[in-house]
Amino acid sequence: KNEVEQSPQNLTAQEGEFITINCSYSVGISALHWLQQHPGGGIVSLFMLSSGKKKHGRLIATINIQEKHSSLHITASHPRDSAVYICAVHSPRSNRDDKIIFGKGTRLHILP
Amino acid sequence: SAVISQKPSRDICQRGTSLTIQCQVDSQVTMMFWYRQQPGQSLTLIATANQGSEATYESGFVIDKFPISRPNLTFSTLTVSNMSPEDSSIYLCSSMKRKGFMNTEAFFGQGTRLTVV
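First to last, the sequence lines map onto chains A and B. The opening residue of the first sequence carries number 308 in the working numbering; numbering runs sequentially from there. The opening residue of the second sequence carries number 3 in the working numbering; numbering runs sequentially from there.
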């Protein structure tokens, strides 16, 4: 079982729909990242969370440390939101460098 | 926070050649890392770039294939050597900055899409 699981793997929705992408993890973490990977491969960091909720424009990210779960929401989705969204957790390791573990990503396609 | 500039963003290379990818951070960072994302797979750690010493490689990755340099606290390079089509992937650098006990921030480059023909 992967240490970071995302769902769904693929999501197609109509423009304007409310989108939710989920991330569950099984390791202890100090932070969680949501990344956006554009069709050309470029990667943009959207959020880094260690607790609670963050909002940036139409994007909202939440995390529940006790349940080891995070969600990324997109309100009023638009075709330009089409991308792969990657969840990555920041896992401290005693006496070693911290480790980042990536989920496999959720491929989102917003239809006009 | 820190900003990482990764170059090139993409390249198409001939098999047997080598490509060097650069990452420049706009501030001094403790750790820098290099990842590979093969088609349809998640990002996988190649190695940790240590300033002033040899990189630490993960299982399955070797220095001869992926030599790494880290001459200072703001810069690192990854070379993909003697490339074959199987090396076609996205390569990503990231960095970390310690802010205290159990408190480390991570930053990511933009990724390099490599196609080997």
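Just so it is clear, CB atoms sit at the ideal spot from N, CA and C, and this is done for glycine as well.
Taking the C-alpha atoms as reference points, what is the distance between B/THR58 and A/PRO419?
-> 46 Å
Taking Cβ-Cβ distances shorter than 7 Å, what residues in chain A pair up with B/ARG17?
-> The contacting residues do not exist; B/ARG17 stays about 20 Å from chain A at best.
Where the beta strand (DSSP E) through A/ASP340 begins and ends | A small correction: the amino acid at residue 340 of chain A is His; Asp does not occupy that position in the sequence shown. Here the beta strand (DSSP E) through A/HIS340 covers 338-344.
Taking contact to mean at least 3 C-beta pairs separated by less than 8 Å, is the region 17-37 of chain B in contact with the region 74-87 of chain B?
-> yes
From what residue to what residue does the beta strand (DSSP E) around B/ARG115 run?
-> 114-118
Taking the continuous beta strand (DSSP E) assigned at A/ASN329, which residues delimit it?
-> 326-332
Limits of the unbroken beta strand (DSSP E) element including A/GLN321 = Looking at the DSSP string, the run of the beta strand (DSSP E) that includes A/GLN321 is 317-321.
For B/GLU60, which residues from the same chain have a beta carbon less than 8 Å from its beta carbon, with the 5 sequence-adjacent residues on both sides left out?
-> Sequence-distant partners of B/GLU60 (beyond 5 residues in either direction) whose C-beta falls short of 8 Å from its own C-beta, in its chain, are THR46, LEU47, ILE48 and ALA49.
With 16 other Cβ atoms within 10 Å as the buried cut-off, status of B/VAL5 = exposed
Given a cut-off of 8 Å, decide if B/PHE109 and A/SER337 are closer than it, judged by their beta-carbon atoms.
-> no
Assign A/ASP405 to one of two classes, buried (16 or more other C-beta atoms within 10 Å of its C-beta) or exposed (fewer than that).
-> Under this definition A/ASP405 is a buried residue.
May I ask which residues mark the beginning and end of the beta strand (DSSP E) holding B/PRO73?
-> Element bounds for B/PRO73: 70-74.
What are the partner residues of B/SER78, as DSSP defines its beta bridges?
-> B/CYS25
Within the same chain, show all residues whose beta-carbon is closer than 7 Å to that of B/ASN74, passing over the 5 residues directly before and after it, in chain order.
-> GLN53
Which value, in whole angstroms, describes the spacing of the CA atoms of B/SER126 and A/SER377?
-> Nothing can be reported for residue 126 of chain B, as the shown portion of chain B is limited to 3 through 119.
Short Cβ contact (8 Å threshold) for A/VAL396 with A/GLN344 = no
Indicate whether B/MET34 and B/CYS95 have their beta-carbon atoms separated by less than 8 Å.
-> yes
C-alpha distance - A/GLU310 paired with A/PHE409, whole-angstrom precision | Rounded to the nearest angstrom, the two C-alpha atoms are 9 Å apart.
Straight-line CA distance for B/MET98 to A/GLN321?
-> Near 37 Å, if we compare the C-alpha coordinates of A/GLN321 and B/MET98.
What number of angstroms, rounded off, separates the C-alpha of B/CYS25 from the C-alpha of A/GLY348?
-> 16 Å
Just reading off the beta strand (DSSP E) that A/LYS406 is part of, what are its end residues?
-> Looking at the DSSP string, the run of the beta strand (DSSP E) that includes A/LYS406 is 406-409.
How about B/ILE23 and B/THR117: do their beta carbons lie closer than 8 Å?
-> no
Neighbour-count burial assignment, A/HIS363, 16 or more Cβ in a 10 Å radius | exposed
For B/ILE70, the nearest candidate out of B/THR76, B/ALA51, B/ILE92 and B/PRO10 (CA to CA) = B/ALA51
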